[in-house]
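Have a look at the structure below, then the notes.
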Amino acid sequence: MTTRNPRRADFPLLAANPELYYLDSAATSQKPRVVLDAMRDYYERDNANPHRGAYALSARATDRYHEARERVAKFLGASDADCLIFTRGTTESLNLVATAWGHANIREGDEIVVTALEHHANFVPWQQVAIARGAKFVVCPLTSDHRVDLDALRTLVGPRTKVLAFNHVSNALGTVNPVDQIAALGRAVGALIVCDGAQGAPHLRVGFDTLDVDFYAFSGHKMCGPMGVGGLIGHRRILEAMPPYQFGGDMIEFVRDEESTWSAVPHKFEAGTPNVGDAVGLAAACDYLDSIGLDEVLEHERALVRLATERLRAIVRGTLSSDSSITLQSRRDFWDSLFALADAGTTLLVSSHYMDEAERCTRLAILDAGKIVADGTPRELMDRLPGRTVLVDTDDPRSAQRALTGFDGVIALAQIGTALRVLAADNPELEKRIGERLHSEGVEAKVAPIPPNLEDVFVAATLKQKEKGKDPKERAA
Ligand SMILES: Cc1ncc(COP(=O)(O)O)c(C=O)c1O
């Protein structure tokens with residue numbers, strides 16, 4: 107991993123920013139030139155409103171849309187391309203199923219089972235349908251190593267279960283779920299099986315036809331395609347029986363004053379003017395991924411994880427007390443920034459995840475210039491270090507505040523994605539010093555004064571790592 111990946115040249119944004127190391131593809135991927143070119147080509151040559159105009163340009167737009175559907179369906183292993191509904195992305199796809207299928211089929215006393223590993227997009231729509239229909243919303247717990255607890259799931263899925271919804275790959279932990287085993291539990295009781303493929307489609311060969319699920323949802327922008335397009339693949343039998351989700355435009359067959367009828371699948375679920383340009387871009391993204399091969403994509407990801415794990419271990423070793431837990435994902439900038447502050451002579455109180463309940467908070471580590479200088483309970487540390495300013499790395503500002511009352515000068519920080527947020531600062535001198543120090547480190551800092559309620563400050567200020575023109579590998583050394 108010492109040489110640069112030659113594929114960077116395929117991505118105009120990466121090519122234009124040689125010092126940028128983009129690791130947030132799970133949130134959204136960068137776009138290769140071929141995708142941008144395909145969209146430009148569509149708009150420059152074939153753009154018109156499809157399905158409606160009785161003229162050549164509209165017919166060409168219709169063809170491009172149809173071809174895009176076939177291409178994307180093929181990529182995902184769905185032989186019946188008409189069973190791929192284009193949506194804005196995974197969130198809309200899951201809302202579509204939950205709303206259209208859920209309201210038509212869920213009754214009082216039924217149960218909807220999801221897992222504790224779900225993205226909100228595959229959690230809240232089901233929770234809301236359950237509330238609206240008087241059904242029970244059941245959340246399957248995880249094992250201690252963050253996998254769906256299949257033993258628990260076996261006991262939770264039963265004759266009342268109408269829906270079993272889970273993800274293919276977890277966005278939070280990267281866990282690849284055993285789709286067949288989970289689906290089999292739902293199949294045994296006749297439940298609808300819904301799989302959130304937002305993180306599966308970009309990384310794994312999906313093979314919808316051989317995957318035993320009723321619905322598979324995905325987002326184009328996470329798989330090198332444009333934002334604003336994604337899809338829902340479902341079984342024809344279910345789609346045909348399912349009522350529409352939205353009304354108007356393309357989904358209508360006939361309209362009379364008294365009633366209307368609907369177009370066939372997939373148009374029945376695509377109300378309004380379709381997003382042809384982005385569908386064309388997504389089809390080009392499928393071509394691009396196929397030209398590389400998903401095996402190579404996966405191997406590259408594995409190599410990145412190996413490298414990140416190795417480098418982070420080198421940083422974390424000697425800087426954290428042994429009982430702390432740190433996820434080895436996207437924390438690089440966060441720790442770099444903390445070390446920059448430590449170098450400035452500020453005492454750091456690093457709490458990591460076990461800060462979330464002060465009562466459970468057994469040990470904290472104090473870092474100075476990246477080295478542990480003391481550790482203990484908050485009370486012990488307070489007694490040993492009176493009048494010290496502390497920085498808190500916390501996911502839970504409320505508990506942090508509780509645990510740290512009594513320290514003189516507290517700055518609470520939290521990492522959200524790769525951005526570092528200052529949750530609170532209560533010392534103007536310190537605020538200024540930290541701001542200057544961060545600035546000199548190339549971090550854009552806006553430190554907000556401490557508000558009365560720490561919970562309100564999640565949006566108080568955001569620090570954005572500015573690219574410093576330095577190779578992160580050197581920084582890790
Ligand atoms: C597992 C998972 N499900 C659903 C979503 C929502 O995707 P979108 O915002 O593209 O609709 C995401 C996005 O991060 C995700 O990772």
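Sequential numbering from 107 applies to the sequence shown in the working numbering. For every residue, glycine included, the Cβ atom is placed at its ideal position computed from N, Cα and C. Fair warning: this is a prediction, and the values are worked out from it, not measured in the lab.
Q: Could you tell me the distance, in whole angstroms, from the CA atom of Leu163 to the CA atom of Leu142?
A: Here residue 163 refers to the residue found at position 57 of the sequence shown. Here residue 142 refers to the residue found at position 36 of the sequence shown. Spanning the two alpha carbons is a distance of roughly 21 Å.
Q) Enumerated in chain order, which unbroken segments of the beta strand (DSSP E) with a length of 3 residues or greater are wholly contained in the stretch 281–307? A) Runs of the beta strand (DSSP E) lying entirely within the stretch 281–307 and spanning at least 3 residues, in chain order: 298–302.
Q | Ser325 vs Gly336 beta-carbon contact at 7 Å | A | For this step, residue 325 is matched to residue 219 along the sequence shown. For this step, residue 336 is matched to residue 230 along the sequence shown. Result yes, Cβ atoms of Ser325 and Gly336 sit closer than 7 Å.
Q. Hey, is Leu413's beta-carbon within less than 7 Å of any beta-carbon in chain B?
A. In summary, chain B is missing from the structure at hand, where a single protein chain is found.
**Q.** Distance between Asp384 and Tyr149 (C-alpha atoms, nearest Å)
**A.** One-based indexing of the sequence shown puts residue 149 at position 43. One-based indexing of the sequence shown puts residue 384 at position 278. Spanning the two alpha carbons is a distance of roughly 10 Å.
Q: Work out the CA separation of Val230 and Arg239 for me, nearest whole Å.
A: Locating residue 239 in the sequence shown gives position 133, counting from the first residue. Locating residue 230 in the sequence shown gives position 124, counting from the first residue. Whole-angstrom Cα-Cα distance: 14 Å.
Q: Would you decide whether Asp169 is buried or exposed? Buried here means 16 or more other CB atoms lie within 10 Å of its CB.
A: Taking the first residue of the sequence shown as position 1, residue 169 is located at position 63. Label assigned to Asp169: exposed.
Q.
For ligand 1, I want to know if Ser325 counts as a neighbour, meaning its beta carbon is within less than 6 Å of at least one of the ligand's heavy atoms.
A. If you number the sequence shown from 1, residue 325 lands on position 219. Yes, the Cβ of Ser325 comes within 6 Å of a heavy atom of ligand 1.
**Q.** Closer than 6 Å: Thr221 CB and nearest ligand 1 heavy atom
**A.** Within the sequence shown, the letter at position 115 stands for residue 221. Between ligand 1 and Thr221, a heavy atom-to-CB distance of less than 6 Å is absent.
Q.
My output table needs one value for Asn111: the three-state DSSP class, helix, strand or coil.
A. Taking the sequence shown and counting its residues from 1, one reaches residue 111 at position 5. Looking at Asn111 - three-state DSSP - the assignment turns out to be coil, as it is neither helix nor strand.
Q) In terms of DSSP beta bridges, what is Cys246 paired with? A) The sequence position of residue 246 within the sequence shown is 140, counting from 1. For Cys246, which the question treats as bridged, DSSP gives the partners Thr221.
**Q.** Pairwise C-alpha distance: Leu200 and Ala304
**A.** In the sequence shown, residue 304 corresponds to position 198, counting from 1. In the sequence shown, residue 200 corresponds to position 94, counting from 1. Rounded to whole angstroms, Ala304 and Leu200 show a C-alpha spacing of 11 Å.
Q. Does at least one heavy atom of ligand 1 sit under 6 Å from the Cβ of Ala165?
A. Counted from its first residue, the sequence shown places residue 165 at position 59. No, since every heavy atom of ligand 1 falls outside the 6 Å radius drawn around the Cβ of Ala165.
Q) When you compare each of His226, Arg166, Glu365, Ile344 to Phe353 by their alpha carbons, which one comes out closest? A) Along the sequence shown, one-based indexing puts residue 353 at 247. Residue Glu365 holds the alpha-carbon nearest to the alpha-carbon of Phe353 among His226, Arg166, Glu365, Ile344.
Q. When the Cα of Phe375 is compared with those of Asp188, Gly292, Arg177, Glu217, which residue comes out closest?
A. Within the sequence shown, residue 375 is the residue found at index 269, counting from 1. Closest option to Phe375, judged by alpha-carbon separation, among Asp188, Gly292, Arg177, Glu217: Asp188.
Q) When we look at the beta-carbon of Gly208 and count the other beta-carbons within 10 Å, is it buried (16 or more) or exposed? A) Position 102 of the sequence shown holds residue 208. Result: buried.
Q: Taking only the alpha-carbon atoms, compute the straight-line gap between Ser185 and Val371 and give it to the nearest angstrom.
A: The count along the sequence shown starts at 1 and reaches residue 185 at position 79. The count along the sequence shown starts at 1 and reaches residue 371 at position 265. If you draw a straight line from the Cα of Ser185 to the Cα of Val371, it comes to about 14 Å.
Q. With Ala289 and Ile299 assumed to form a contact (beta carbons below 8 Å), what rounded beta-carbon distance in angstroms separates them?
A. Taking the sequence shown and counting its residues from 1, the one referred to as residue 289 is at position 183. Taking the sequence shown and counting its residues from 1, the one referred to as residue 299 is at position 193. Your pair Ala289 and Ile299 checks out as a contact, with CB atoms roughly 5 Å apart and the cut at 8 Å.
(Q) In the DSSP output, what is Ser366 paired with across the bridge? (A) One-based indexing of the sequence shown puts residue 366 at position 260. Partner(s): Val361.
**Q.** Top-ranked residue by Cα proximity to Asn381, from Ala132, His172, Thr134, Ser250
**A.** Counting from one through the sequence shown, the residue named residue 381 turns up at place 275. Answer by Cα proximity: His172.
Q. Are the beta-carbon atoms belonging to Val282 and Val219 less than 7 Å from one another?
A. In the sequence shown, residue 282 corresponds to position 176, counting from 1. In the sequence shown, residue 219 corresponds to position 113, counting from 1. Cβ distance not < 7 Å, so Val282 and Val219 don't count as in contact.
Q. Rounded to whole angstroms, how far is the Cβ of Asp152 from the Cβ of Arg166, which I believe are closer than 8 Å?
A. Here residue 152 is taken as the residue at index 46 of the sequence shown, counted from 1. Here residue 166 is taken as the residue at index 60 of the sequence shown, counted from 1. A Cβ-Cβ separation of about 4 Å places Asp152 in contact with Arg166 under the 8 Å criterion.
(Q) With H, G and I counted as helix, E and B as strand and the rest as coil, what does DSSP make of Gly387? (A) Start at 1 with the first residue of the sequence shown, and residue 387 comes out as number 281. It is helical.
Q: Leaving aside the five residues before and after Asp286 along the sequence, list all residues of the same chain whose C-beta is less than 7 Å from its C-beta, in chain order.
A: Looking up residue 286 in the sequence shown gives position 180. So the qualifying residues of the chain are Asp318.
Q: Could you pull out every residue in the same chain whose Cβ sits closer than 8 Å to the Cβ of Asp302, ignoring the five residues on either side in sequence?
A: The residue given as residue 302 occupies position 196 in the sequence shown. Closer than 8 Å at the Cβ level, and outside the excluded window around Asp302, lie Thr196, Leu200, Glu224, His225, Ala227, Asn228, Ala271, Phe272, Asn273, His274, Ala323.
**Q.** Leu248 to Ala144 span [Cα, whole Å]
**A.** Counted from its first residue, the sequence shown places residue 248 at position 142. Counted from its first residue, the sequence shown places residue 144 at position 38. One C-alpha to the other measures close to 42 Å.
Q.
Beta-carbon within less than 7 Å of Met107's beta-carbon, same chain only, minus the 5 sequence neighbours each way: which residues are those?
A. Looking up residue 107 in the sequence shown gives position 1. Residue placement at Met107 is flagged as unreliable, the pLDDT there being 42, under the threshold of 50; the coordinate-derived value follows with that caveat. If we look at Met107 and ignore the five residues flanking it on each side, its Cβ neighbours are Ala409, Leu413.
Q: Check the C-beta distance from Leu190 over to Arg175 and give it rounded, since I have them as a contact under 8 Å.
A: On the sequence shown, residue 190 is found 84 positions in, with the first residue counted as 1. On the sequence shown, residue 175 is found 69 positions in, with the first residue counted as 1. The Cβ separation is near 6 Å, so the contact holds.
Q.
Looking at the strands, I want to know which residues DSSP matches up with Ala271.
A. As a first step, residue 271 must be located in the sequence shown, where it is residue number 165. For Ala271, the beta-bridge partners assigned by DSSP are Val300.
Q) To which residues does DSSP link Phe314 through a beta bridge? A) Position 208 of the sequence shown holds residue 314. The partner list for Phe314 (beta bridge, DSSP) is empty, contrary to what the question assumes.
Q.
Excluding the 5 residues flanking Val244 on each side, which residues of the same chain have their C-beta closer than 6 Å to its C-beta?
A. By one-based count along the sequence shown, residue 244 stands at place 138. So the list reads Glu217, Val219, Leu262, once near-sequence residues are dropped.
Q. In angstroms, rounded to a whole number, what distance separates the CA positions of Ser427 and Ala121?
A. What you label residue 427 is simply residue 321 of the sequence shown in a count that begins at 1. What you label residue 121 is simply residue 15 of the sequence shown in a count that begins at 1. Only weak support exists for where Ser427 lies, its pLDDT of 29 falling under 50; the coordinates are left without a value.
Q: Leaving aside the five residues before and after His157 along the sequence, list all residues of the same chain whose C-beta is less than 7 Å from its C-beta, in chain order.
A: Taking the first residue of the sequence shown as position 1, residue 157 is located at position 51. Cβ neighbours of His157 beyond the five flanking positions: Thr168, Asp356.
Q.
Helix, strand or coil, according to DSSP, for Thr379 in the structure here?
A. Position 273 of the sequence shown, counted from the first residue, corresponds to residue 379. Coil, per DSSP.
Q: Kindly indicate the opening and closing residues of the beta strand (DSSP E) around Tyr322.
A: In the sequence shown, residue 322 corresponds to position 216, counting from 1. For Tyr322, the uninterrupted beta strand (DSSP E) run begins and ends at 321–325, by DSSP.
Q: Determine the DSSP secondary structure at Thr72, reduced to helix, strand or coil.
A: The chain is shown only over 107 to 583; residue 72 falls outside these bounds and no answer can be derived.
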